[in-house]
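Chemist: Below you will find the structure I want to go over with you.
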Amino acid sequence: MRKLSLSYSLLSFCGYWRPTSWSTHSFRYRLYNIYSVLMVLVLYFFTSCTCVDTLVSKDFKTMTDKFSLCISVIGVSLKVTNLFLQRKNILGIMDILTNKNCVPRDKQERILQSKKDRYARKLTMYCEILNESAVFFATVAQYNELIRTRKLPVSDWMPYDLSSDTLYAISLLYQTIGLMICANTSVGNETLIAGLMIEAGTQFEIFCHRARNLSTLLMETGGNRESRADRRIRYKRILKDLVEYHLEIYRLSRTINTVFQYTIFLQFSISSTVLCLSILKMSTENPLSVNFLWSGFYLCCMLMQVYLYCWFGNEVTLKSDKVSDAIYEMDWTMLPAEVKKDLLFVMTRSKKPVKMTSGHIVVLSVKSFMTVSRIELFPNVSLVDREESNYCSLQIMNTTYTSYNLLIKTTSK
């Protein structure tokens, strides 16, 4: 796959996305299926140990610290499950992006597409650096302290006795690799969703470019002997192509939203909880300690994931809203009346912009991200603010803020 190749490569490396170019009868196809099963078992075993360790925690503070990471690991497991279940639909999205309407047709469109592809690739690299830095501070940077205290970086509970040095070393290495797998999978999944939103936004930009040049294309003569009937047929063919492309972009955006909406809602819920728990943990840690750095990087990872969804979801909405402006900016005064009427229908349809949502509850926008990152404003939110932002997301975050205050009071006793 040429588009979003780095995101797919991360998922393939982790064993959760088999390359589509491989023949079903090839040896590597069968070998990868075995590798995929093993990696799924590794992830689910890692998740199970983390959950059990959280439940058997001896005190409330330890449990809240472990729960913060536990829900993220559970989230990664659910995202992997969604990838397997939605593989066919994801491939359908990629097919839409490679059909004749969505492929760039001139130099300007190719430049725009290439620019967005490079941007998506750089975004994946930056997210990978951030997540792997968090893994480093959670594991390798704390090896000396972990070995001295005979603890493990993620889960101190394992289904066997850790008194053996060999088993302890294996467990330490396993949890380090397990956390790296979770980080790579998370980056691959989040940048795949964000990348598809970038692609949807790019298609709207290409559509606007074609709409602005439509009058020039329509008024090109089909030859000196072109009759009025032939000219009308040519107009209809060009307009039909433009309308089909417009509907194709809406179908693309709707499919992306349908496939990933619950994954996005899951990440919203996890990040809301981790936000409060991480701030609580950082307030009790030494600012110069490695554990404080780990908590800070972990918090940045959670906020980055929500930011990607909100920012690029908002970009899709803004770019879809510019379609009517692009049609109006063309030289429509020279077009025949029947063509103007057809374009008016396109403009009317574009008045209802695309809105990417999270489980039909939270609209992905900059305002939604602000409700997550500025929880201290919730007690003063007015009715007007609730209508402009998403009321449900405010209520979710308000509940989380209340939970944070409760945790502070509980730990202070």
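Following this note's numbering, the numbering of the sequence shown begins with 336 at its first residue and continues without gaps. By construction, the Cβ of each residue, glycine as well, lies at the ideal position given by its N, Cα and C atoms.
Return the first residue and the last residue of the alpha helix (DSSP H) that M374 is part of.
Modeler: 362 to 390
Chemist: Looking only at its chain, what residues have a beta carbon closer than 7 Å to the beta carbon of C437, apart from the 5 residues adjacent to it on each side?
Modeler: I431, Q538, E583
Chemist: From the DSSP output, in three-state form, read off V438 for me.
Modeler: Coil, per DSSP.
Chemist: Classify V689 as helix, strand or coil using the three-state DSSP reduction.
Modeler: Coil.
Chemist: Give a yes or no on whether the C-beta atoms belonging to F603 and V578 are separated by under 9 Å.
Modeler: no
Chemist: Could you give the DSSP three-state label for V698: helix, strand or coil?
Modeler: strand
Chemist: Please tell me whether, using a cut-off of 8 Å, the distance from the CB of T598 to the nearest non-hydrogen atom of the ligand FAD is below it.
Modeler: Among the components modelled here there is no ligand, and therefore nothing to report on the ligand FAD.
Chemist: Counting only runs of 4+ residues fully inside the region 659 to 684, write out the alpha helix (DSSP H) ranges in chain order.
Modeler: none
Chemist: Do the region 635 to 650 and the region 694 to 704 touch if we need at least three Cβ pairs shorter than 8 Å?
Modeler: yes
Chemist: Could you check if V488 is buried or exposed, using at least 16 other CB atoms within 10 Å of its CB as the buried criterion?
Modeler: The displayed chain sequence assigns Pro, not Val, to residue 488. With 16 or more Cβ atoms within 10 Å of its Cβ, P488 is classed as buried.
Chemist: What's the C-alpha gap between S717 and S403?
Modeler: Caution is warranted here: a pLDDT of 40 is assigned to S717, below 50, making its placement in the model unreliable, and the coordinate value is therefore given only provisionally. Between S717 and S403, the C-alpha separation is close to 31 Å.
Chemist: Whole angstroms is fine: what's the gap from V375's alpha carbon to T520's?
Modeler: 11 Å
Chemist: Cα separation between T526 and K423?
Modeler: 19 Å
Chemist: Pull up the distance between the alpha-carbon of L420 and that of R572, whole angstroms please.
Modeler: 39 Å
Chemist: Is the region 600 to 618 in contact with the region 375 to 391, if contact means three or more CB pairs nearer than 8 Å?
Modeler: no
Chemist: For S344, which residues of its own chain have a beta-carbon under 7 Å away from its beta-carbon, when the five flanking residues on both sides are left out?
Modeler: none
Chemist: Going straight from the alpha carbon of K676 to that of S659, what length do you get?
Modeler: 13 Å
Chemist: What does a CB cutoff of less than 8 Å around Y726 pick up in its chain, not counting 5 residues either side in sequence?
Modeler: In this prediction, Y726 scores a pLDDT of 46, lower than 50, which makes its location untrustworthy; the coordinate-derived value is nonetheless stated afterwards. No residues qualify anywhere along the chain.
Chemist: Using only the alpha-carbon positions, how far apart do S340 and S562 sit?
Modeler: 48 Å
Chemist: Quick one: using the 10 Å Cβ neighbour count with 16 as the cut-off for buried, is D496 buried or exposed?
Modeler: Exposed is the call here.
Chemist: Would you mind working out which of L549, L638, S607, A535 sits nearest T590, comparing C-alpha positions?
Modeler: The shortest C-alpha separation from T590 is found at A535.
Chemist: With DSSP collapsed to three states, give me the class of L339.
Modeler: Three-state DSSP puts L339 in coil, outside helix and strand.
Chemist: Can you find the residues in the same chain that come closer than 7 Å, C-beta to C-beta, to L447, ignoring five residues on each side of it along the sequence?
Modeler: Only residues of its own chain outside the window of five on either side were considered, and among them T537, E540, I541 have a CB closer than 7 Å to the CB of L447, listed in chain order.
Chemist: Does the region 342 to 362 come within contact of the region 470 to 477, defined as at least 3 CB pairs closer than 8 Å?
Modeler: The region 342 to 362 makes no contact with the region 470 to 477: fewer than 3 CB pairs, one atom from each, lie closer than 8 Å.
Chemist: Enumerate in chain order the residues of its own chain whose CB-to-CB distance from S506 is below 8 Å, with the five nearest sequence positions on each side excluded.
Modeler: L487, M493, L497
Chemist: Smallest Cα separation from I528: which of D491, V470, L587, A504?
Modeler: Closest in alpha carbon position to I528, among D491, V470, L587, A504, is L587.
Chemist: Check this for me: beta carbons of T459 and V522, under 9 Å apart or not?
Modeler: yes
Chemist: Around the C-beta of V651, are 16 or more other C-beta atoms found within 10 angstroms, so that it is buried, or is it exposed?
Modeler: buried
Chemist: Which of the three DSSP states is assigned to E555 in this structure?
Modeler: coil
Chemist: What did DSSP end up calling E463 once you bin it into helix, strand or coil?
Modeler: helix
Chemist: Between which residues of its own chain and K451 is the CB-CB distance below 6 Å, once the five residues before and five after are set aside?
Modeler: I533, T537
Chemist: Considering only residues of the same chain and omitting the five flanking positions on each side of F627, which have a CB-CB separation below 8 Å?
Modeler: M617, E620, N621
Chemist: Rank S624, C543, V625, M637 by C-alpha distance to the C-alpha of S685 and give the top, closest one.
Modeler: C543
Chemist: What distance in whole Å lies between the Cβ atoms of V698 and I516, which are believed to be in contact at a cut-off of 8 Å?
Modeler: Not a contact, Cβ separation roughly 32 Å.
Chemist: Starting from the C-beta of V411, find all residues in its chain whose C-beta is less than 6 Å away, skip the five residues before and the five after it, and write them out in chain order.
Modeler: C517, T520, S521.
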